[in-house]
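One line per chain: the protein sequences are A and B, in this order.
Reading the first sequence from the start, the letters are residues 33 to 332 in the numbering used here.
Reading the second sequence from the start, the letters are residues 33 to 332 in the numbering used here.
All C-beta atoms in this analysis are idealised placements derived from N, C-alpha and C, irrespective of residue type, glycine included.
2 protein chains.
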Amino acid sequence: MIFSTSRLHPEARRTLDGFGLFEVSADESALAGCVALLAWPSDIDYSLLARMTSLRVIQTISAGVDDVDFAKIPAGVAVYSNAGAYTGPAAEHAWALLLAAAKGVGVRSRTENYILGGRTLLVLGGGAIGSAVAKIGKAAFRMRTVGVSRSFKDPGAFDARRGPDELEGSIPEADAIVDALPLNRRTRSVLGYRELSKMKRAAVLVNVGRAETVDEPSMVRVLKERPETRYATDVFWRREGKEDFSSGLWSLPNFYGTFHTAGGLGAEEALRRAEEAAVGNLRLALTSGRARNLVDRSDY
Amino acid sequence: MIFSTSRLHPEARRTLDGFGLFEVSADESALAGCVALLAWPSDIDYSLLARMTSLRVIQTISAGVDDVDFAKIPAGVAVYSNAGAYTGPAAEHAWALLLAAAKGVGVRSRTENYILGGRTLLVLGGGAIGSAVAKIGKAAFRMRTVGVSRSFKDPGAFDARRGPDELEGSIPEADAIVDALPLNRRTRSVLGYRELSKMKRAAVLVNVGRAETVDEPSMVRVLKERPETRYATDVFWRREGKEDFSSGLWSLPNFYGTFHTAGGLGAEEALRRAEEAAVGNLRLALTSGRARNLVDRSDY
């Protein structure tokens, strides 16, 4: 039996045919019989976990699992993320932020135009989103693509592939940087003042990963010191566990933001597809053991 | 001998080695000896033309020639445009406007995200810029591309190619429309209220051609009537011969604009390349007769 913290689309429910499914709520005996939990991390009620004595698998509907409180999850429970489920919309969003910032769309005054064609694109994170962003840079704008990652899902997307220790050294050559990193203990504040001040002055930094991979005070300082440098983000720093869109960055003319809508606010289709990806992967986890995106809990 | 209305970059000057070159000004006898005029249309001093008794060729540095007053140019003078010289930067700019409007970058409030991947892109104008815009849609975002044009420079860029009489019928199927039309008597106000109100409600219209291909009062009316429909433009309507950026559109939340910077404000390299393209073509016109972009004066 499976417990889902939210009501599923009919297509997703159909994928789970053959399993018992509880949505939103379940009584004590049902909880005790559930082998799997399908959830948005922020919806997980950790007090229920103690009563889910058969629990083997948690599958998130979100791509990231940085909001999961791993300390409260029994060691024997496998956690699967939904990485890759938002790739198309997230890559579109990264390019929207990058191009808008390069051309000054939304500034509402005459702004210098940064040409991207043929220049160097540095992508942080070699997962599905980072790879898709790099492929667009090559196919659409003949950019030279450099990737920095622990591992590369699609090595051919990058003209140069580098390890995390080469991050700082790669920054000065980039005309555009896209941060598509997951947030974990290795990536938190990986872009601090030292790294950010190595950017070319007329460069654009885009964040479609997690805000906390960038150090907030350093970002504010760099944008104030260097009016030509532009930062465009869909993700904001969390305060008291909640993403806070009311950043002081909004007052700066070289800042561009959207409100964490890359996953598809209003784009029901994108959300439905993400749910289907999660459910399909959960089915694999329960039946074949060939599921993708098993989380390495030591990263968190 | 050649007369250029502006001072040329050294590279462009070198391309004209072997010709006499006057920049910015020339005395009477020099003017009488000039066979070619290299100019931005707005810089042409028509009173000089009567004294340029040897004039055979005018080459513009601008891509468009809609600002040229053809009635004041002797019939025997061949006019060449610089179409294609801004293709890369203009296609980048079109995509910046399209993606920014689809994602609400610059709106500064939570805005519905329109997914473009796999949807239908209608491009008006099958010249160099329109073709480049379509190719990006296919290569980067797997879009179905429909082109409407009198002729197609790169037919393979479009999944469907249609004539100007099919414009109105093509509008309802488009999720995104990019206007890359030149302005001439056939294209002026080609998008009026009837055409604009055939757009899908959640569609984006981008203009990187000329503002006057869109009827201004109709555009304002459509954006007011349909808050989901978005218009993003780099070009504005001219008043008393001068592009007027102070449009009433800026007060509408579904409007996105840049200040005619696609050609490369601040991007010295883009402007230098455009000048080199013009000069190279002028050289061909004077030496081999194999120059591109001979303007059909009956269009204007």
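I want to verify the contact list: residues of chain A whose CB lies under 8 Å from the CB of residue i, in sequence order.
i: Gly136(B); result: Thr290 and Thr293
Note down, in chain order, every chain B residue with its Cβ under 7 Å from the Cβ of residue i.
i: Val127(A); result: Inspection of the sequence shows that residue 127(A) is occupied by Trp rather than by Val. What Trp127(A) touches in chain B: Leu131.
i: Ile168(A); result: Ala172
State the CB to CB distance for the pair residue i and residue j, rounded to an integer number of angstroms; the pair is presumed to be in contact (CB under 8 Å).
i: Leu156(A); j: Ala212(A); result: 6 Å
i: Met33(B); j: Gly52(B); result: 4 Å
i: Leu63(B); j: Phe35(B); result: 7 Å
i: Val97(A); j: Pro73(A); result: 6 Å
i: Arg262(A); j: Tyr225(A); result: Their Cβ separation, rounded to whole angstroms, is 17 Å, which puts Arg262(A) and Tyr225(A) out of contact at 8 Å.
i: Ala317(A); j: Ala110(A); result: 7 Å
i: Val254(A); j: Leu228(A); result: 4 Å
i: Val137(A); j: Val137(B); result: 6 Å
i: Arg304(B); j: Ala117(B); result: About 11 Å; that fails the 8 Å criterion.
i: Ala323(A); j: Tyr112(A); result: 6 Å
i: Asn286(A); j: Pro259(A); result: 6 Å
i: Leu40(B); j: Glu55(B); result: 6 Å
i: Arg193(A); j: Ser202(A); result: That pair is no contact at about 11 Å.
Taking residue i as the query, report the chain B residues whose CB atoms sit under 9 Å from its CB, ordered along the chain.
i: Arg142(A); result: Phe277, Thr290, Phe291, His292, Thr293 and Leu297
In chain B, what lies closer than 8 Å to residue i by C-beta?
i: Gly149(A); result: Gly120, Pro121 and Glu124
Kindly indicate which three-state DSSP category residue i falls into: helix, strand or coil?
i: Ala264(A); result: strand
i: Glu55(A); result: strand
i: Ile203(A); result: helix
i: Glu275(A); result: strand
i: Asp331(A); result: helix
i: Ile168(A); result: helix
i: Phe291(A); result: coil
i: Gly120(A); result: helix
i: Asn313(A); result: helix
i: Ala160(B); result: helix
i: Ser61(A); result: helix
i: Arg193(B); result: strand
i: Tyr225(B); result: helix
i: Ser36(A); result: strand
i: Gly96(B); result: coil
i: Arg220(A); result: coil
i: Tyr186(A); result: The sequence given here has Asp at residue 186(A), not Tyr. The answer is coil: DSSP assigns Asp186(A) none of H, G, I, E or B.
i: Leu215(B); result: coil
i: Gly136(B); result: coil
i: Gly280(B); result: helix
i: Ala299(B); result: coil
i: Leu371(B); result: What the structure shows of chain B is the stretch from 33 to 332, and residue 371(B) is not part of that stretch, so it cannot be assessed.
i: Leu87(A); result: coil
i: Thr245(B); result: helix
i: Ala235(A); result: coil
i: Leu130(B); result: helix
i: Ala306(B); result: helix
i: Ser48(A); result: Reading off the sequence shown, one finds Leu at residue 48(A), where the question assumed Ser. Three-state DSSP puts Leu48(A) in coil, outside helix and strand.
i: Thr152(B); result: strand
i: Ala71(B); result: strand
i: Val109(A); result: coil
Quick one: list the residues of chain A neighbouring residue i, beta-carbon separation under 9 Å, in chain order.
i: Glu301(B); result: Ile147
i: Gly282(B); result: It should be pointed out that residue 282(B) corresponds to Trp in this sequence rather than to Gly. What Trp282(B) touches in chain A: Arg140.
Worksheet item: Counting Cβ pairs closer than 8 Å, one from the region 127-135 of chain A and one from the region 95-113 of chain A, do we hit at least three?
Response: no
Fill in: Interface positions of the region 41-55 of chain B facing chain A (Cβ-Cβ less than 9 Å), listed along the chain
none
Worksheet item: Quick check: the region 273-284 of chain B against the region 303-323 of chain B, are there 3 or more CB pairs under 8 Å?
Response: no
Worksheet item: Taking one C-beta from the region 202-217 of chain B and one from the region 147-154 of chain B each time, how about it: are there three or more such pairs within less than 8 Å?
Response: yes
Item to complete: Indicate whether the contact test is met: 3 or more Cβ pairs, each with one atom in the region 288-296 of chain A and one in the region 118-129 of chain A, closer than 8 Å.
Response: yes
Item to complete: Say whether the region 81-90 of chain B touches the region 262-276 of chain B, bearing in mind that this needs 3 or more beta-carbon pairs closer than 8 Å, one atom from each stretch.
Response: no
Fill in: Contact the region 161-168 of chain A vs the region 184-197 of chain A: 3+ CB pairs below 8 Å
yes
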